[in-house]
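Enquirer: Residues are numbered in the working numbering as their position in the sequence shown, beginning at 1, plus a constant of 139.
Where a beta carbon is used, it is the ideal one built from N, C-alpha and C, also for glycine.
This structure is a prediction, so every number in the text was calculated from the model and none was measured.
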Amino acid sequence: RPSGLWGGGGGGRAAPPPFFRMLFLVAVHAFAEEGVDVAIVEVGIGGRFDATNVLPKDSVVAAGVTQLDYDHCHILGDTLEKIAWEKGGVFKEGVRCFSVNQRSEAAQAVLASCAAEVGVQMEVADPLQVDAQEADDNSGAKTLQAASPLPLPGAHQLENAGLALALARVFVQSFASAVREEDAARADKLHQMLLRSPLPAFQACRWPGRGQVVEYRPLVTLYLDGAHTPLSMRLCSSWFSTMPDGRSPIDSGPDSTSSARRVLLFNCSHERDAGTLLEILLGPAHDFDLLVFARADLHRASLHRLPTVSFSACKKTTPNLDWHLTETLWQVEECLAATGLQLRRSSLKADFAEMVDSWRKQPDPQSADSAETLDWQMRLAECASLIAASREGAQGGVPCWVIPSVAEALDAVANWATTPSAGVPGSEGDRRPTDVLVTGSLYIVGAALKAASWAEEAYGANE
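#1: Taking D514 as the reference, give the member of D574, R434, A343 with the closest Cα.
#2: Tell me the DSSP bridge mates of V605?
#3: Have a look at V545 and R235 and give me their C-alpha separation to the nearest angstrom.
#4: Quick one: Cα of P155 to Cα of L164, how far?
#5: Inspect the beta-carbon positions of L549 and A413 and report whether they are closer than 8 Å.
#6: Using CA coordinates, which residue listed in L207, G203, I184 is at the minimum distance from I214?
#7: Alpha carbon to alpha carbon, how far is W540 from V431?
#8: Can we say the stretch 182-196 touches the stretch 320-338, given the rule of at least three CB pairs closer than 8 Å?
#9: In angstroms, rounded to a whole number, what distance separates the CA positions of E410 and V180?
#10: Do I583 and N406 have their beta-carbon atoms positioned less than 8 Å apart in this structure?
#11: Can you have a look at V204 and say buried or exposed, based on whether 16 or more other CB atoms are within 10 angstroms of its CB?
#12: Tell me, which residues are paired with T218 by DSSP?
#13: Buried or exposed: which applies to A202, given that a residue is buried once 16 or more other Cβ atoms fall within 10 Å of its Cβ?
#14: So Q593 packs on V352, CB below 8 Å; how close in whole Å?
#15: Less than 8 Å between the C-beta atoms of P572 and L358, yes or no?
#16: In the structure shown, what three-state DSSP assignment does F405 receive?
#17: Is it true that the CB of F230 sits closer than 8 Å to the CB of W264?
#18: Give the range of the alpha helix (DSSP H) segment to which V234 is assigned.
#19: So, under 8 Å CB-CB, E232 and V249 are touching, yes? Tell me the CB distance rounded to an integer number of Å.
#20: Of all the options A300, Q312, A305, which has the alpha carbon lying nearest to the alpha carbon of W346?
#21: Given L576, which residues of its chain have a CB within under 6 Å of its CB, disregarding the five upstream and five downstream residues?
#22: May I have the straight-line CA-CA distance separating K254 from D210, to the nearest angstrom?
#23: Could you please give me the residues that DSSP links to C344 through a beta bridge?
#24: Who are the near neighbours of A476 in its chain, counting only those whose CB is closer than 6 Å to its CB and skipping five residues on each side?
#25: Look at the Cβ atom of L420, then the Cβ atom of S377, and state whether they are nearer than 8 Å.
#26: By Cβ distance, which residues of its chain are closer than 7 Å to V311, with the 5 residues on each side in sequence left out?
#27: Nearest-angstrom Cα distance between P157 and A166?
#28: Nearest-angstrom Cα distance between A317 and G228?
#29: Let me know if K226 comes out buried or exposed under the rule of 16 or more other beta-carbons within 10 Å of its beta-carbon.
#30: For F341 and H367, what's the separation of their Cα atoms in angstroms?
#31: Tell me, which residues are paired with A433 by DSSP?
#32: Report the residue from A190, T578, L207 whose alpha carbon sits nearest the alpha carbon of R160.
#33: With a threshold of 8 Å on Cβ separation, who are the neighbours of G536 within its own chain once the five nearest residues in sequence on each side are excluded?
#34: Where does D514 sit, in a helix, a strand or coil, going by DSSP?
#35: List the endpoints of the continuous alpha helix (DSSP H) containing G585.
#36: Mind checking S198: buried by the 16 CB within 10 Å criterion, or exposed?
Shown next, in the form of structure tokens:
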């Protein structure tokens, strides 16, 4: 390591910096050594106190904030206004700053205030308009046609594209001015870029793990999205529900009949509001035939013990209850009523009381003893079972599987989809396709892509 990068006083050796900080230091060193023209730097958590925010203002051309949502709330705060204040910390004096049009007016106002504090005016980037007319001159500018949309699903990606375009244009303008004295021809070429349609660049955009569809095996198609916040999960749920007639866009062959079976493969980290995420996924928009919970191949340590989030399935509008101590059934029923859920079968009451008792006995997920267990996945399955059984008009329970790894889970789903057997939806000769929604974290999405032997160089060839 470079001498003096870290060290302890008094002859001792200090611990190295956390992984993200160290990685950022290495990245900045590599960029400087290689003489890169531009670096796109994404914050780790928040922004104001993030390691990336040490970049001086004279090295930053533009800063942007995407749509805010509840994430890392134990660090950033439990309201969008608090989160906006953290995010607005990346705005710097003399640097143009942008935001998408925030869904929360209060959060938007906080971001604008953060910009004003450093003497700049926050600009709101318009979403990319796929049918908008670009510059009309002799440079070959083209019209963005609705027939050629972004290859990424969802209107929110038009927001992201609009922000990316605004930031890119600011950089091109700034860089062209900086190199004009040394290379006028290069500066002119850069200015010409601003007159062209950005559509070809956006059409070439690929974002693995976000609204991605991969054929896993014949009759089995994976729908992958790393959503892990309430807003992103609603967008993911909407995307998955728009598949026409529940059918995969990938041709499943002449043997396929009727609509596809639907499977949810889910996992999330311990600090996520798992109940809220599952409630979104198990809402009326979907009718899953099977729920599967598996541990991702890679994961990071959690700051939360399992009992801290075990009641998240029904805590949404009861903030005055102590969720670490709430263990009586009448309180649980009160919480369910507050969220519009009801215990519709008397057996669920006993089951839930047993679940509460088991949660009290769970080890710390950071401990060595729990590292190789499926305690968290069991809790997710129990929450999902409760939510599914409590839905209006629910007829019996949805089968839930807890499986050690994503690869094993996908193998099991593929066998379930293609091997008729007693107790399994379908009958002999039923060749319906099976659509598997993989979501909850980027870790489980990455594990699914690995299990599917997906390669980035082949992206777009068969999807």
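Expert: This is what the structure gives:
#1: Here residue 514 is taken as the residue at index 375 of the sequence shown, counted from 1. Among D574, R434, A343, the Cα nearest to that of D514 is on R434.
#2: With the chain covering 140 to 602 only, the question about residue 605 has no answer from this structure.
#3: To locate residue 545, count along the sequence shown from 1; it is residue 406. To locate residue 235, count along the sequence shown from 1; it is residue 96. Near 43 Å, if we compare the C-alpha coordinates of R235 and V545.
#4: Counting from one through the sequence shown, the residue named residue 155 turns up at place 16. Counting from one through the sequence shown, the residue named residue 164 turns up at place 25. Computed Cα separation, rounded: 12 Å.
#5: Residue numbering aside, residue 549 sits at position 410 when the sequence shown is read from its first letter. Residue numbering aside, residue 413 sits at position 274 when the sequence shown is read from its first letter. No, the pair does not count as a contact, with Cβ atoms beyond the cut-off.
#6: On the sequence shown, residue 214 is found 75 positions in, with the first residue counted as 1. When only C-alpha atoms are compared, the closest one is I184.
#7: As a working note, residue 540 is residue 401 in the sequence shown. As a working note, residue 431 is residue 292 in the sequence shown. Their backbone Cα atoms lie some 5 Å apart in a straight line.
#8: no
#9: Counting from one through the sequence shown, the residue named residue 410 turns up at place 271. Counting from one through the sequence shown, the residue named residue 180 turns up at place 41. E410 and V180: Cα-Cα distance of roughly 25 Å.
#10: The residue you call residue 406 lines up with position 267 of the sequence shown. The residue you call residue 583 lines up with position 444 of the sequence shown. In this structure, I583 lies closer than 8 Å to N406 by Cβ.
#11: As a working note, residue 204 is residue 65 in the sequence shown. When all chains shown are included, V204 counts as buried.
#12: Position 79 of the sequence shown, counted from the first residue, corresponds to residue 218. In DSSP, T218 forms no bridge with anything.
#13: Here residue 202 is taken as the residue at index 63 of the sequence shown, counted from 1. By the 10 Å Cβ count, A202 comes out buried.
#14: For the purposes of this step, residue 593 is taken as residue 454 along the sequence shown, with counting starting at 1. For the purposes of this step, residue 352 is taken as residue 213 along the sequence shown, with counting starting at 1. Reading off the sequence shown, one finds Trp at residue 593, where the question assumed Gln. About 11 Å; that fails the 8 Å criterion.
#15: Mapped onto the sequence shown, residue 572 falls at position 433. Mapped onto the sequence shown, residue 358 falls at position 219. Contact flag set, yes.
#16: Numbered from 1 along the sequence shown, position 266 holds the residue referred to as residue 405. If DSSP states are grouped into helix, strand and coil, F405 belongs with the strands.
#17: On the sequence shown, residue 264 is found 125 positions in, with the first residue counted as 1. On the sequence shown, residue 230 is found 91 positions in, with the first residue counted as 1. Reading off the sequence, residue 264 comes out as Ala, not Trp. Going by C-beta atoms, A264 is not nearer than 8 Å to F230.
#18: Residue 234 sits at position 95 when you count from the first residue of the sequence shown. Taken as a continuous stretch (DSSP letters only), V234 belongs to no alpha helix (DSSP H), as it is neither H nor E.
#19: As a first step, residue 232 is located in the sequence shown; it is residue number 93 there, counting from the start. As a first step, residue 249 is located in the sequence shown; it is residue number 110 there, counting from the start. The Cβ separation is near 18 Å, so there is no contact.
#20: The sequence position of residue 346 within the sequence shown is 207, counting from 1. That would be A300, whose Cα lies nearest to the Cα of W346.
#21: What you label residue 576 is simply residue 437 of the sequence shown in a count that begins at 1. Hits under 6 Å: Y362, F379, L403.
#22: Taking the sequence shown and counting its residues from 1, the one referred to as residue 254 is at position 115. Taking the sequence shown and counting its residues from 1, the one referred to as residue 210 is at position 71. It should be noted that the sequence gives Ala, not Lys, for residue 254. If you take the alpha carbons of A254 and D210, they lie about 22 Å apart.
#23: One-based indexing of the sequence shown puts residue 344 at position 205. DSSP output for C344 lists no bridge partner at all.
#24: If you number the sequence shown from 1, residue 476 lands on position 337. Here A476 scores only 47 on pLDDT, less than 50, and its place in the model is too uncertain to base an answer on.
#25: As a first step, residue 420 must be located in the sequence shown, where it is residue number 281. As a first step, residue 377 must be located in the sequence shown, where it is residue number 238. No, they are not a contact pair.
#26: For the purposes of this step, residue 311 is identified with residue 172 of the sequence shown, where counting begins at 1. So the qualifying residues of the chain are L329, M332, L333.
#27: In the sequence shown, counting from the first residue as 1, residue 157 sits at position 18. In the sequence shown, counting from the first residue as 1, residue 166 sits at position 27. Cα to Cα, P157 sits roughly 14 Å from A166.
#28: By 1-based counting over the sequence shown, the position of residue 317 is 178. By 1-based counting over the sequence shown, the position of residue 228 is 89. Approximately 26 Å between the Cα atoms of the pair.
#29: Along the sequence shown, read from residue 1 onward, the residue named residue 226 stands at position 87. Looking at its Cβ environment, which holds 16 or more other Cβ atoms inside 10 Å, K226 is buried.
#30: Here residue 341 refers to the residue found at position 202 of the sequence shown. Here residue 367 refers to the residue found at position 228 of the sequence shown. Each residue's alpha carbon lies about 25 Å from the other.
#31: Translated into positions along the sequence shown, residue 433 becomes position 294. Paired residues: I542.
#32: Within the sequence shown, numbered from 1, the residue matching residue 160 stands at position 21. Of A190, T578, L207, the residue nearest in Cα terms is A190.
#33: Looking up residue 536 in the sequence shown gives position 397. S524, A527, A528, listed in sequence order.
#34: As a first step, residue 514 is located in the sequence shown; it is residue number 375 there, counting from the start. Here D514 sits in helix by DSSP.
#35: Position 446 of the sequence shown holds residue 585. Per DSSP, G585 belongs to the alpha helix (DSSP H) from 581-590.
#36: Locating residue 198 in the sequence shown gives position 59, where the first residue counts as 1. When all chains shown are included, S198 counts as exposed.
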